[in-house]
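Asker: In the working numbering, the protein residues as written are 1335 to 1450.
For each residue, glycine too, the CB sits at the ideal point set by N, CA and C.
(1) Could you pull out every residue in the same chain whose Cβ sits closer than 6 Å to the Cβ of residue 1371, ignoring the five residues on either side in sequence?
(2) Determine contact between the stretch 1413-1420 and the stretch 1374-1388, defined as no fewer than three beta-carbon pairs at a distance below 8 Å.
(3) Going along the chain, which residues of its own chain have a beta-carbon closer than 8 Å to the beta-carbon of residue 1343, five neighbours each way excluded?
(4) Spatial neighbours of residue 1338 within its chain, please: C-beta separation below 8 Å, excluding the five flanking residues on both sides.
(5) Can you tell me whether residue 1385 is helix, strand or coil according to DSSP?
(6) Taking just the CA atoms, how far does residue 1345 sit from residue 1399?
(7) Are residue 1368 and residue 1397 close, meaning C-beta to C-beta below 9 Å?
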């Protein structure tokens, strides 16, 4: 079984990456002390499908998502979230245009000043 941490992902073959996904699921299943049968039932897949997934012989993205959901690990997909990057110039322009003071509302009536 391959070490699931500290990998040079670029150097791995597709088969090695698939094996890593299986190792990841197996590691977390064992950490949570869940049997293959129980996890397969919770993920709504066959136990043999789970076994093949853990060995890296049969990998399907839907199965992977079902297993992550069943293990309460969907948060690991957060790294795939696309976030818009704002350039420093855009940020400076937005800061410049930001309101510095509140103006009087139109319904506020200005009281006459006291003349001393």
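Answerer: So, to answer that:
(1) Locating residue 1371 in the chain shown gives position 37, where the first residue counts as 1. Cβ within range, chain order: 1381.
(2) no
(3) Locating residue 1343 in the chain shown gives position 9, where the first residue counts as 1. Cβ neighbours of residue 1343 beyond the five flanking positions: 1351.
(4) Mapped onto the chain shown, residue 1338 falls at position 4. Below a pLDDT of 50, predicted positions are generally treated as unreliable, and residue 1338, at 47, falls in that range; the measurement from the model is reported next regardless. The residues are 1354, 1357, 1358, 1361.
(5) The count along the chain shown starts at 1 and reaches residue 1385 at position 51. Helix.
(6) Counting from one through the chain shown, the residue named residue 1399 turns up at place 65. Counting from one through the chain shown, the residue named residue 1345 turns up at place 11. The alpha-carbon atoms of residue 1399 and residue 1345 are separated by roughly 25 Å.
(7) Start at 1 with the first residue of the chain shown, and residue 1368 comes out as number 34. Start at 1 with the first residue of the chain shown, and residue 1397 comes out as number 63. Result no, Cβ atoms of residue 1368 and residue 1397 do not sit closer than 9 Å.
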